Amino acid sequence: MFSPGLPSKSIFSSHPALRRSISSVDSPNSHADENTKPTFCERLVKSSGPLEPYFRLIRLHNPTGCWLLFWPFGWSIALAALPADLPDIKSLIMFGSMAFIMRGAGCTINDMWDKEIDRNVARTKDRPLAKDEMTRFDALVFLGGQLGVGCLILLQYNFYTVLLSASSLGLAVSYPLMKKLIPWPQVILGMAMNFGTLLGSPAVHGFSDWSVCLPLYLGGICWTVVYDTIYAFQDLADDKKLGLKSTAIVFSENPRLWLSGFAASMISLFSLCGFMNAQTWPYYVSLLVISAHLAKQICYLNTSNVRECAQKFVSNQRIGLILFLGIVFGNLLKPKSEDNNLKSSSSQEIVTGK
Numbered sequence: 111m112f113s114p115g116l117p118s119k120s121i122f123s124s125h126p127a128l129r130r131s132i133s134s135v136d137s138p139n140s141h142a143d144e145n146t147k148p149t150f151c152e153r154l155v156k157s158s159g160p161l162e163p164y165f166r167l168i169r170l171h172n173p174t175g176c177w178l179l180f181w182p183f184g185w186s187i188a189l190a191a192l193p194a195d196l197p198d199i200k201s202l203i204m205f206g207s208m209a210f211i212m213r214g215a216g217c218t219i220n221d222m223w224d225k226e227i228d229r230n231v232a233r234t235k236d237r238p239l240a241k242d243e244m245t246r247f248d249a250l251v252f253l254g255g256q257l258g259v260g261c262l263i264l265l266q267y268n269f270y271t272v273l274l275s276a277s278s279l280g281l282a283v284s285y286p287l288m289k290k291l292i293p294w295p296q297v298i299l300g301m302a303m304n305f306g307t308l309l310g311s312p313a314v315h316g317f318s319d320w321s322v323c324l325p326l327y328l329g330g331i332c333w334t335v336v337y338d339t340i341y342a343f344q345d346l347a348d349d350k351k352l353g354l355k356s357t358a359i360v361f362s363e364n365p366r367l368w369l370s371g372f373a374a375s376m377i378s379l380f381s382l383c384g385f386m387n388a389q390t391w392p393y394y395v396s397l398l399v400i401s402a403h404l405a406k407q408i409c410y411l412n413t414s415n416v417r418e419c420a421q422k423f424v425s426n427q428r429i430g431l432i433l434f435l436g437i438v439f440g441n442l443l444k445p446k447s448e449d450n451n452l453k454s455s456s457s458q459e460i461v462t463g464k
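What follows is the structure, given as structure tokens:
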């Protein structure tokens, strides 16, 4: 939720913003290449007047993090669909909104914790709290509003879904602190970013299918360790100087070996998830494509090139899309159950509490 993303026009774009100076990546106003046009999100933030610091605080100009948080929600909702059916559109919209709100809340929490640290890191020194464009109290009030909107969305679902989702808040709050305490903070980040994998089945059916959602959750954590370690290599020198901890430091002696291990674990766990969900061949084709994507990322990774690390980080939102499409098309090829309509009706009663 809470790794800041980079600017992106869409998940299909070639990410022109990556041609800019990586040192100004958190600012929507800096463009090293005059021929590079600002994205829609950057223009929106720049023209927002007194709201600009708040929009920058939630990284509205950098939507990659929203996609990385949304896809685990999307996967779980798609996996919860009945055989031969499409995912529940209402839940996709609701949890898409939740991903946007909670990603912003996570960024707010992160910057409240890291205000002094951000001032000493080239990539983050222009964040609103670090530049004293707002106070911690301003951010706290804003955070309360974000969490309130998130609660309103959650209250559309059954009590079990609300309770399960609320239990993830501790992960969001503790992640910034973990960067000071443990050498593997990306694991905590992965637990927070992928909590949506546990919510699809409760939201759609009112119960958890742990045989499906648990391997999906663990695989998602491995995925986050891969992409956020690559992201963290941008700040490697600053993190060492400031005494912060990250898997980029732990893996720095042999990053390809470590990242390959987590990527292989991710694919294995996603394969187990597909098997337990009786997925069909499109799902496994998507895993092959994802494997090739990860292999290319890791094989050609240059950890000393911050721009390349940023580009590889951004490309991971495509992995989320590929798996989502694999689940959807795989599900459509399943034989339709005779009692699909009965199950669908029962699920709606559970979700709405009627």
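In our numbering, the protein residues as written are 111 to 464. Backbone N, C-alpha and C define an ideal beta-carbon position, used for all residues, glycine too. All figures in this text were calculated on a predicted structure; none of them were measured in a lab.
Item, Value
"Please check the pair residue 469 and residue 313, which I expect to be a contact at CB under 8 Å, by giving their CB distance rounded to whole angstroms.", "The structure shown does not extend to residue 469, since the chain is modelled only from 111 through 464, so no value can be given for it."
"With distances taken between CB atoms, is the gap from residue 344 to residue 166 smaller than 9 Å?", "no"
"What residue range does the alpha helix (DSSP H) around residue 244 cover?", "Taken as a continuous stretch (DSSP letters only), residue 244 belongs to no alpha helix (DSSP H), as it is neither H nor E."
"Could you name each continuous alpha helix (DSSP H) segment of 4 residues or more that falls completely within the stretch 320-362, going from the start of the chain to the end?", "320-342, 346-352 and 357-360"
"Less than 6 Å between C-beta atoms, sequence neighbours within five positions excluded: which residues of the same chain meet that for residue 235?", "229"
"Output yes if chain D places a C-beta closer than 9 Å to the C-beta of residue 323; else output no.", "Included in the structure is just one protein chain, with no chain D present."
"Taking one C-beta from the stretch 424-434 and one from the stretch 400-410 each time, how about it: are there three or more such pairs within less than 8 Å?", "yes"
"Would you check if the stretch 302-321 and the stretch 343-357 touch, i.e. whether three or more CB-CB distances between them fall below 8 Å?", "no"
"So the alpha helix (DSSP H) residue 186 belongs to, where does it begin and stop?", "174-189"
"What three-state label does DSSP hand residue 156 in the structure shown?", "helix"
"Give me the Cα-Cα distance between residue 444 and residue 383, rounded to the nearest whole angstrom.", "16 Å"
"Run through DSSP, which three-state label would residue 229 get?", "coil"
"Count the other CB atoms, across all protein chains shown, that sit within 10 Å of the CB of residue 340; report buried if there are 16 or more and exposed otherwise.", "buried"
"Answer yes if the stretch 258-268 comes into contact with the stretch 206-213, meaning at least three C-beta pairs across the two stretches below 8 Å, and no otherwise.", "yes"
"Relative to the alpha-carbon of residue 387, which residue among 410, 338, 191 and 291 has its alpha-carbon at the smallest distance?", "191"
"Check whether the stretch 370-379 touches the stretch 237-256, taking contact to mean three or more Cβ pairs, one atom from each stretch, closer than 8 Å.", "no"
"Please tell me whether residue 369 and residue 421 are closer than 9 Å, where the distance is taken between their beta carbons.", "no"
"Contact defined as beta carbons within less than 8 Å: I believe residue 240 pairs with residue 282. What is the distance between those atoms, to the nearest angstrom?", "At roughly 20 Å, the Cβ-Cβ gap does not stay under 8 Å, so residue 240 and residue 282 are not in contact."
"Rounded to the nearest angstrom, what separates residue 201 and residue 299 at their Cα positions?", "24 Å"
"Helix, strand or coil: which one does DSSP assign to residue 197?", "coil"
"CA-CA distance, residue 381 and residue 396?", "10 Å"
"Kindly list the residues whose CB is nearer than 6 Å to the CB of residue 342, restricted to its own chain and excluding five residues on each side of it in sequence; keep chain order.", "356 and 358"
"Using the three-state DSSP reduction, which class does residue 267 fall into: helix, strand or coil?", "coil"
"Note the first and the last residue of the continuous alpha helix (DSSP H) segment covering residue 446.", "Premise fails: residue 446 is in no alpha helix (DSSP H) and is neither H nor E."
"Below 8 Å on the Cβ atoms is my guess for residue 360 versus residue 293; work out the distance and round it to an integer in Å.", "5 Å"
"What are the boundary residues of the alpha helix (DSSP H) that includes residue 494?", "What is shown of the chain runs 111 to 464, which leaves residue 494 out entirely."
"Check this for me: beta carbons of residue 249 and residue 212, under 9 Å apart or not?", "no"
"Here's a check: name, in chain order, each residue in its chain whose Cβ is nearer than 6 Å to the Cβ of residue 332, leaving out the five neighbours to either side.", "372, 375 and 376"
"From residue 334 to residue 391, what distance separates their C-alpha atoms?", "25 Å"
"Between 289, 175 and 185, which lies nearest to residue 324 when the distance is taken from Cα to Cα?", "185"
"From which residue to which residue does the alpha helix (DSSP H) around residue 396 run?", "391-409"
"Are there 16 or more other CB atoms within 10 angstroms of the CB of residue 302, so buried, or fewer, so exposed?", "buried"
"Secondary structure at residue 311, three-state DSSP: helix, strand or coil?", "helix"
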